[in-house]
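Residue numbers (our numbering), protein chains in the order written: chain H, 900 to 1187; chain D, 1416 to 1544. For glycine and all other residues, C-beta sits at the position ideal for the given N, C-alpha and C. The structure displayed is predicted, hence computed values, not measured ones. Below is one structure, written out as structure tokens; comments come after it.
The following block contains the structure:
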């Protein structure tokens, strides 16, 4: 059933009523003027829906008459939801479509009994940030999107006892004791991804840690990591030297690393650059 | 008589691509368009353009990844690659240097001097000093 507004002509229609081609075209049109537009083709959006457990029955397209004004999607996992891919056509912004889309997703999460809603907004996207604050979301962190060029010469791997981890072992590690991660980096995201593997290192001084990643055709991505013993900077550096010496010709992009992560200097030492930042926001049920 | 300078514009937004084509054609350049990374790479390998203008946000693979592929092509090693991006200047500068581009032009393009900006990347190093 469509959710129909009582105060204006904008109505919400479940995204599952549209083809993925329609959703892809709409999403791209909503982002044309973004500093970081992140356009997608159909295959990329389909992969995104799978990786991040997007529920199209509880995601929405904002319509006015027969015109598609905007889109917003809801990721659904145990006890939590995620708002993503929110966008409104530039020519139709500031008329309530974004507000209505987010309210629709909040109602959908509530109807599914999910007490926590998470999202990220690109830093300096002031209108979206203000909208989420107005709807009761609160900032919980600042996240980095980092990139490393394959043109950077591979480092020499730090001497360590290195163990390659297969998919099964890697997924066991990411499923344990990492706290609440941003949606993109949660264990479900890696479980849904192909070509996941990892490295576990023990250094001469007893420091120890692991790194799990997805290896795509041209790209290393979706990092999860942990220092189990010792200094995070030392362990992080050692893990990255092993990773990049193993894949010297692959590009690397990692999303949503916390700005306060103690491993972060190791990434910069290894040639990673900051692409942009996001603000992470949460809203708990009945929090206003 | 010298053939026209061939410009490959790789840009997923048709309006932006057409604007670039219109501005550059008016200045005597020959312009070909590609709308994603895979077709951009294919076109570059087949047509050997004199310069490549590269949007960093593409729908299949992003512009940085494509810049790396282009640089790995022996016949394109010395072809100027110019990123066209809305990213902040410092981010754009770091990104293009790291991925082997020759420089960048900020979006939205300035129609009045866009062709001159392209011409500057086509000058031999000695002429640009």
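task = Could you spell out where the beta strand (DSSP E) holding residue 1533 (chain D) opens and where it closes?
result = Walking along the second chain from the start, residue 1533 (chain D) turns up at place 118. Here residue 1533 (chain D) belongs to no beta strand (DSSP E); instead the alpha helix (DSSP H) covers 1529-1537.
ask   = Name the chain D residues that come within less than 9 Å of residue 1042 (chain H), Cβ to Cβ?
value = Residue mapping note: residue 1042 (chain H) aligns to position 143 of the first chain, counting from 1. Residues of chain D passing the Cβ test: none, with the nearest at roughly 16 Å.
message = Helix, strand or coil, according to DSSP, for residue 1035 (chain H) in the structure here?
response = What you label residue 1035 (chain H) is simply residue 136 of the first chain in a count that begins at 1. Three-state DSSP puts residue 1035 (chain H) in coil, outside helix and strand.
request  = Within 10 angstroms of the Cβ of residue 1528 (chain D), are there 16 or more other Cβ atoms? Answer buried if so, exposed if not.
outcome  = Here residue 1528 (chain D) refers to the residue found at position 113 when the second chain is read from its first residue. Its Cβ having fewer than 16 others within 10 Å, residue 1528 (chain D) is exposed.
ask   = Measuring from the CB of residue 1455 (chain D), is there a heavy atom of the ligand FAD at a distance below 6 Å?
value = Only the bare structure without any ligand can be found here, which leaves the ligand FAD out of the picture.
ask   = Below 7 Å between beta carbons: does that hold for residue 1110 (chain H) and residue 1129 (chain H)?
value = For this step, residue 1110 (chain H) is matched to residue 211 along the first chain. For this step, residue 1129 (chain H) is matched to residue 230 along the first chain. No.
key: Contact under 7 Å by Cβ, residue 982 (chain H) with residue 925 (chain H)   = Stepping through the first chain from its first residue, residue 982 (chain H) is reached at position 83. Stepping through the first chain from its first residue, residue 925 (chain H) is reached at position 26. Contact flag unset, no.
query = Nearest to residue 1461 (chain D) by CA position, among D:1423, D:1480 and D:1432, is which residue?
reply = Locating residue 1461 (chain D) in the second chain gives position 46, where the first residue counts as 1. The shortest Cα separation from residue 1461 (chain D) among D:1423, D:1480 and D:1432 belongs to D:1423.
query = How would you call residue 1103 (chain H), buried or exposed, if buried means at least 16 neighbouring beta carbons within 10 angstroms?
reply = By 1-based counting over the first chain, the position of residue 1103 (chain H) is 204. Exposed, since its Cβ has fewer than 16 Cβ neighbours within 10 Å.
request  = Assuming residue 1142 (chain H) and residue 1163 (chain H) form a contact by the criterion Cβ under 8 Å, report the distance between their Cβ atoms to the nearest whole angstrom.
outcome  = Here residue 1142 (chain H) refers to the residue found at position 243 of the first chain. Here residue 1163 (chain H) refers to the residue found at position 264 of the first chain. The Cβ separation is near 16 Å, so there is no contact.
Residues within the segment 1165-1177 of chain H neighbouring chain D, beta-carbon criterion of under 9 Å = Taking 9 Å as the upper bound on Cβ-Cβ separation, chain D lies near residues 1170, 1172, 1173, 1174 and 1175 of the segment 1165-1177 of chain H.
ask   = How long is the line joining the alpha carbons of residue 936 (chain H) and residue 1477 (chain D), rounded to whole angstroms?
value = In the first chain, the residue the question calls residue 936 (chain H) occupies position 37. In the second chain, the residue the question calls residue 1477 (chain D) occupies position 62. Cα to Cα, the separation comes out at about 11 Å.
Chain-ordered chain H contacts of residue 1491 (chain D) [CB-CB under 9 Å] = What you label residue 1491 (chain D) is simply residue 76 of the second chain in a count that begins at 1. The contacting residues do not exist; residue 1491 (chain D) stays about 15 Å from chain H at best.
message = On the DSSP bridge list, what partners appear for residue 1442 (chain D)?
response = For the purposes of this step, residue 1442 (chain D) is taken as residue 27 along the second chain, with counting starting at 1. Answer is none; residue 1442 (chain D) lacks a bridge partner.
query = Cβ of residue 1026 (chain H) within 7 Å of Cβ of residue 1149 (chain H)?
reply = For the purposes of this step, residue 1026 (chain H) is taken as residue 127 along the first chain, with counting starting at 1. For the purposes of this step, residue 1149 (chain H) is taken as residue 250 along the first chain, with counting starting at 1. At a Cβ-Cβ threshold of 7 Å, residue 1026 (chain H) and residue 1149 (chain H) do not count as neighbours.
request  = Identify every residue that forms a DSSP beta bridge with residue 1458 (chain D).
outcome  = Looking up residue 1458 (chain D) in the second chain gives position 43. Note: residue 1458 (chain D) sits in no beta bridge, so no partner.
message = Judging by CA-CA distance, which residue of H:966, H:934 and H:976 is the nearest neighbour of residue 948 (chain H)?
response = Stepping through the first chain from its first residue, residue 948 (chain H) is reached at position 49. For the residues H:966, H:934 and H:976, the minimum Cα distance to residue 948 (chain H) belongs to H:976.
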